[in-house]
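Just so we're aligned: the sequence shown equals residues 1 to 417 in the UniProt record's numbering. Cβ atoms here follow ideal geometry from the backbone N, Cα and C, with glycine treated the same way. These numbers were taken from a predicted model, which means no experiment stands behind them.
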Amino acid sequence: MLRHIFLIDGQSFYASIEKSAHPEYRDKPVAVGDPERLNGIVLAACPIAKSRGVTTASRVGEALAKCPELVVIRPRMRTYIQVSLLITEIFESYTDLVEPYSIDEQFLDVSGSLAYFGSPYEMAQMIQNHVYLSTGVHTRVGIGPTKVLAKMATDNYAKKMQEGIFELSFERLESTLWKLPVHQMFMVASAMTRHFTRMGLACIGDIARMELYEFKQRMRREMGKQSDIQAEYYWQTARGIDPSPVAAGIRHQLKSVNHGKALRWRLYHRLKDIEIVLLELVIEVCRRTRYHHYMGSVVSVSAAETDGERSSHFSRQMTLPEPTALTHEVAAAAHSLFKKHWSGLPVSHLSVSLSQLTDDSIMQLTFFDNRCLAYDRERAIDGIKDRYGSDAIMRASSLMEAGVARERAEQIGGHYK
Numbered sequence: 001m002l003r004h005i006f007l008i009d010g011q012s013f014y015a016s017i018e019k020s021a022h023p024e025y026r027d028k029p030v031a032v033g034d035p036e037r038l039n040g041i042v043l044a045a046c047p048i049a050k051s052r053g054v055t056t057a058s059r060v061g062e063a064l065a066k067c068p069e070l071v072v073i074r075p076r077m078r079t080y081i082q083v084s085l086l087i088t089e090i091f092e093s094y095t096d097l098v099e100p101y102s103i104d105e106q107f108l109d110v111s112g113s114l115a116y117f118g119s120p121y122e123m124a125q126m127i128q129n130h131v132y133l134s135t136g137v138h139t140r141v142g143i144g145p146t147k148v149l150a151k152m153a154t155d156n157y158a159k160k161m162q163e164g165i166f167e168l169s170f171e172r173l174e175s176t177l178w179k180l181p182v183h184q185m186f187m188v189a190s191a192m193t194r195h196f197t198r199m200g201l202a203c204i205g206d207i208a209r210m211e212l213y214e215f216k217q218r219m220r221r222e223m224g225k226q227s228d229i230q231a232e233y234y235w236q237t238a239r240g241i242d243p244s245p246v247a248a249g250i251r252h253q254l255k256s257v258n259h260g261k262a263l264r265w266r267l268y269h270r271l272k273d274i275e276i277v278l279l280e281l282v283i284e285v286c287r288r289t290r291y292h293h294y295m296g297s298v299v300s301v302s303a304a305e306t307d308g309e310r311s312s313h314f315s316r317q318m319t320l321p322e323p324t325a326l327t328h329e330v331a332a333a334a335h336s337l338f339k340k341h342w343s344g345l346p347v348s349h350l351s352v353s354l355s356q357l358t359d360d361s362i363m364q365l366t367f368f369d370n371r372c373l374a375y376d377r378e379r380a381i382d383g384i385k386d387r388y389g390s391d392a393i394m395r396a397s398s399l400m401e402a403g404v405a406r407e408r409a410e411q412i413g414g415h416y417k
């Protein structure tokens, strides 16, 4: 059965929300970032700002140098999440098959709704108007028979068109998608682009026109025998093949829980300061693991180090004797890993993860620790934080200058609420 799938993207999502909230900035270049941190990054820029050289992920100071009249607005992540959820509700009034892909992108399978709303193009226009009138956010709609074609229709065509709608069908692949440079294919980043270039595959069509067996052979010569799965994935993507359905909601199996923090490296060159942040990360990882009713068997610690001239990175893991989500057990393993592999350079990024998750309904008891009592204590603390905020109760070490837990409590995803 031919499917009709939309990938709807919010144009300059954060910036659009801010311009809607501040009509006085309608004709001004607007970017979302921290105006007090010139070294911070631009999270979003409106089309006017982009036309004047401001790009997402550039430094705020660099953006102001290119565009002195730029209005930089501090991010409000809670508001952006609320608007995203409102947009989801709008989509659900057209189809029950809505799958969030990111905060500003969502897949819709409208195959069963076209009888009520007209052609795919007419339905896309209707949804665009509905979202704009409700939120002030302009949207772009990629239409395709599969999710991967809908995504590439949005990224490569709809975003560049004034009406913001483009349909990419199997019949049009040779005259449209296959002519594009290979780096514009979904999930092809710079490293894979270099591989394809060395293989003489400059365009997406160069991959799509090959037989799968021949493409696998060429990938093996370039990347080794382990590349067969990658070869099949990229070959299918080039041809628009994607059998995955649009699944309502987010139902992915949790495979790991991780938490990380970018640090100002000049402040984190002493072990005692780094240990404070490491413990805070462990506390949050264990709290989220317990929230999902899991325990983990493998603890991983990753760190980026730099002194401004030299840089290095390590990521190491350790298997625990028993699955756990207890802070003191995970913290002991994380501390051991970090001390063993840290070179002594200042730390610019630190993260902790817990993986190989299992259900926490069955717990291994020990002769030496009352693990049930420890879980009860930590779940009581979790309850206080859930009700009154993550900074309602915290370790005394977090009150020291090196602690970041209080700052993180005021943020969502590393940005201000």
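Pairing Tyr94 with Ile127 gives a Cβ-Cβ distance under 8 angstroms. Scanning Lys66, Leu399, Leu320, Met161 for the CA closest to the CA of Val299 turns up Leu320. Counting along the chain, Phe6 sits inside the beta strand (DSSP E) bounded by residues 5 to 10. With a cutoff of 8 angstroms on beta-carbon distance, Val352 and Ala325 are scored as not near each other. Ranking Arg209, Gly136, Ser111 by CA distance to the CA of Gly240 puts Arg209 first. When only Cα atoms are considered, Leu373 and Leu365 end up about 11 angstroms apart.
The closest CA to that of Ser343, considering only Thr327, His328, Arg310, is found on Arg310.
The C-beta distance from Gln11 to Thr139 rounds to 7 angstroms, short enough to meet the 8 angstroms contact threshold. Tyr291 sits away from Leu254, with the two beta carbons spaced by 8 angstroms or more.
Between Glu222 and Met192, the gap from beta carbon to beta carbon reaches 8 angstroms or more. Where Ser297 is concerned, the enclosing beta strand (DSSP E) starts and stops at 294 to 306.
Look at Gly383 here: in three-state DSSP terms it is helix.
Under the DSSP assignment, Asn156 falls outside any beta strand (DSSP E), being part of the alpha helix (DSSP H) whose first and last residues are 147 to 156. Going by C-alpha positions, Leu43 is about 7 angstroms away from Ala31. Excluding sequence positions up to five before and after Pro323, its CB lies within less than 7 angstroms of the CB of Met295, Gly296, Ser297, Thr358, all in the same chain and listed in chain order. Assignment of Arg239 by DSSP, reduced to helix, strand and coil, places it in the coil class. Straight across, the Cα-Cα distance linking Ser244 with Thr237 is about 12 angstroms. In this structure, Ala153 sits near Leu168, with a CB-CB distance shorter than 8 angstroms. Only residues of its own chain outside the window of five on either side were considered, and among them Ser84 have a CB closer than 6 angstroms to the CB of Ile103, listed in chain order. By the Cβ test, the segment 111 to 119 is not in contact with the segment 158 to 176, since fewer than three Cβ pairs between them sit closer than 8 angstroms. Nearest to Gln356 by C-alpha distance, out of Ser190, Ser16, Val257, Glu105, is Val257. Short of 6 angstroms from the beta carbon of Phe215, and not among the five residues preceding or following it, lie these beta carbons of its own chain, in chain order: Ala231, Trp235. Uninterrupted beta strand (DSSP E) stretches at least 3 residues long and entirely within the segment 116 to 187 occur at 139 to 144, 165 to 167, given in chain order. The beta carbon of Ala262 sits closer than 6 angstroms to the beta carbons of His349 from its chain, once the five residues preceding and following it are set aside; these are given in chain order.
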